[in-house]
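Residue numbers for the sequence shown follow the UniProt record's numbering, beginning at 5 and rising by one. Idealized CB from N, CA, C, for every residue including glycine. Just below is one structure, and these are the notes that go with it.
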Amino acid sequence: AATQPNLAEPHDALADSPFLRAARGLEPAHTPVWFMRQAGRSLPEYRALREGIGMLESCMRADLVTEITLQPVRRYGVDAAIFFSDIVLPLKAVGVDLDIVAGVGPVVARPVRTLADVEAIEDLTPDHVPFITQAVRELVSELGATPLIGFAGAPFTVASYLVEGGPSKEHAKTKAMMFGAPDVWDALMRKIAGIAAAYLEVQVAAGASAVQLFDSWAGALSPADYEKYVMPHSAGVLARAGELGVPRIHFGVGTGELLGHMARAGADVVGVDWRVPLSDGIARAEGRVVQGNLDPTLVFAPTEVMTARAAEILDAGRAAPGHIFNLGHGVIPSTDPDQLHRLTDFVHEHSAR
Ligand code: 1CP
5 AATQPNLAEP
15 HDALADSPFL
25 RAARGLEPAH
35 TPVWFMRQAG
45 RSLPEYRALR
55 EGIGMLESCM
65 RADLVTEITL
75 QPVRRYGVDA
85 AIFFSDIVLP
95 LKAVGVDLDI
105 VAGVGPVVAR
115 PVRTLADVEA
125 IEDLTPDHVP
135 FITQAVRELV
145 SELGATPLIG
155 FAGAPFTVAS
165 YLVEGGPSKE
175 HAKTKAMMFG
185 APDVWDALMR
195 KIAGIAAAYL
205 EVQVAAGASA
215 VQLFDSWAGA
225 LSPADYEKYV
235 MPHSAGVLAR
245 AGELGVPRIH
255 FGVGTGELLG
265 HMARAGADVV
275 GVDWRVPLSD
285 GIARAEGRVV
295 QGNLDPTLVF
305 APTEVMTARA
315 AEILDAGRAA
325 PGHIFNLGHG
335 VIPSTDPDQL
345 HRLTDFVHEH
355 SAR
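What follows is the structure, encoded as structure tokens:
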């Protein structure tokens with residue numbers, strides 16, 4: 005009977021995947037590895053496919069989303085796929101006038117400044133994003149035992165694009181609203197949190213088996229301000245994601261002083277950037293699984309320098325309840341894909357149990 009095909013088998017293979025076992029604090033066969041921004045400009049096959057097609061358009065075509073998401077999985081043999089989209093895509097889907105400009109990033113035509121601006125933004129329903137449901141379903145069937153990570157932008161980081169109107173270093177207008185117009189801020193954060201949670205629900209309903217909440221720019225905040233103005237809203241998103249029964253990863257950049265708060269906001273897995281030694285990240289993550297944290301520029305060093313650093317991170321990761329290997333932030337577009345392939349193989353070999 006053991007040799008008979010069993011309907012439960014594909015599901016079990018997925019649940020037993022190194023990524024999902026590590027995310028749940030169970031011993032995996034090897035330390036799982038994936039790379040933030042593993043799809044995208046570093047891959048020649050991505051650049052070829054995107055030729056003449058805008059970023060937002062490619063995010064709204066299920067066939068392109070599926071193919072782009074699969075490209076790094078095929079090439080590297082990473083332990084998870086991340087859904088190809090962008091943190092501002094759900095805003096576009098509910099009608100916010102924005103574009104993703106090549107070489108710049110998200111640009112919002114009419115930045116949000118008033119309560120009326122906030123109230124004009126629609127809440128997200130599955131009907132706004134049928135291409136997401138379709139792409140996730142296709143991906144999950146193609147990926148088999150490789151988990152698909154769904155994702156959304158966290159309220160603070162998404163608010164920064166809406167309020168500034170585009171990428172920003174200081175987030176000055178955003179923080180001016182946060183400090184000076186708490187009623188507008190609260191309404192905006194609630195609005196974005198609702199959209200993010202609904203967006204994650206669509207992805208999980210269609211088969212995503214984990215979610216990552218990207219609060220890339222939360223490191224611009226002090227712990228006290230994070231706790232007061234941001235954490236309750238991120239916690240709301242993570243609580244709704246928790247009801248879906250999938251592991252929740254919470255990540256930001258420059259968040260060394262915030263890792264405890266980000267854990268307590270409702271993370272199962274805490275993302276650690278490369279500025280924090282992983283052993284410190286583990287202590288600050290208060291018993292959570294950790295993800296990270298190789299400096300993304302180390303791929304430009306000789307392979308043996310890169311792998312020696314990866315070995316240190318893998319060894320440090322053993323002190324955590326679980327460790328998912330990743331870069332400390334996204335893949336830099338000029339990265340040589342062959343280096344990431346060697347890195348993936350090294351992580352698997354060095355960590356094989
Ligand atoms: O496989 C993958 O990981 C790629 C999927 C992906 C993800 C997870 C993209 C495609 N964007 C994102 C999330 C995202 N988008 C974040 C959070 C992750 C992070 O911190 O890196 C952020 C902050 C954005 C906003 C954004 N979109 C930027 C950053 C601008 C800034 O403020 O500095 C940029 C450049 C984009 C455009 C974008 N998104 C994704 C790609 C491949 C691109 C490049 C555009 C293109 O190829 O034309």
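Query	Result
Counted within 10 angstroms of its Cβ, other Cβ atoms place Pro306 as buried (16 or more) or exposed	exposed
heavy atom of ligand 1 below 7 Å from residue 411 C-beta	Shown here, the chain extends from 5 to 357; a query on residue 411 therefore has no answer.
For Cys63 and Asp90, believed in contact at Cβ under 8 Å, the rounded distance	6 Å
Beta-carbon proximity of Pro325 to Val303, cut-off 8 Å	no
Residues near Ala5 by beta carbon distance below 7 Å, same chain, minus five either side	Its pLDDT being 40, under 50, Ala5 is placed unreliably in this model, and the value from its coordinates should be taken loosely. Excluding positions up to five away in sequence, the list is empty.
Straight-line Cα distance separating Ala176 from Val234	15 Å
Neighbourhood of Val37 by C-beta, 8 Å cutoff - its chain only, sequence neighbours within 5 removed	Val82, Asp83, Ile328, Phe329, Asn330, Leu347, Thr348, Val351, His352
Among Trp189, Leu95, Met193, Arg41, nearest to Arg114 - alpha-carbon criterion	Leu95
Rounded straight-line distance, which links the Cα of Val105 to that of Leu60	9 Å
Length at least 3, wholly inside the region 268-356: the beta strand (DSSP E) runs in chain order	273-275, 293-298, 327-331
DSSP three-state assignment for Arg194, whether helix, strand or coil	helix
Candidates Ile57, Thr137, Gly170, Ala33: closest to Asp101 by CA position	Gly170
Distance, Phe160 Cα to Gln295 Cα	21 Å
Contact test: Met40 Cβ vs ligand 1 heavy atom, cutoff 7 Å	yes
Start and end residues, alpha helix (DSSP H) containing Phe23	22-27
Exposure label - Ala228; buried when at least 16 CB within 10 Å	exposed
DSSP three-state assignment for Ile104, whether helix, strand or coil	strand
Residues near Ala323 in its chain [Cβ-Cβ closer than 6 Å; skip 5 each side]	Ile286
C-alpha gap between Met193 and Glu123, whole angstroms	12 Å
Extent of the continuous beta strand (DSSP E) to which Ile136 belongs	From DSSP, Ile136 is part of no beta strand (DSSP E) but of the alpha helix (DSSP H) over 134-147.
Cβ pair Leu93, Ile72 closer than 8 Å	no
Close Cβ partners of Glu55 (< 8 Å) along its chain, the five nearest in sequence each way excluded	none
One or two residues paired with Gly154 in a DSSP bridge	Val215
Closest by C-alpha distance to Asp163, when choosing among Val111, Val144, Leu147	The residue asked about is misnamed: residue 163 is Ala in this sequence, not Asp. Nearest of Val111, Val144, Leu147 to Ala163, Cα basis: Val111.
Any non-hydrogen atom of ligand 1 closer than 7 Å to Arg252 Cβ	no
For Ala197 and Leu128, the rounded distance between their alpha carbons	11 Å
8 Å Cβ shell around Arg141 - same chain, five flanking residues per side excluded	Ala210, Gly211
Chain-order list of residues whose beta-carbon lies under 7 Å from that of Gln343 (same chain, five-residue window excluded)	Val303, Thr307, Met310
Of the residues His34, Asp16, Thr35, Gln75, the one placed nearest Arg41, counting alpha carbons only	Gln75
Assigned exposure category for Gly107 - 16 Cβ within 10 Å defines buried	exposed
Ile336 beta carbon near ligand 1 (any heavy atom closer than 7 Å)	no
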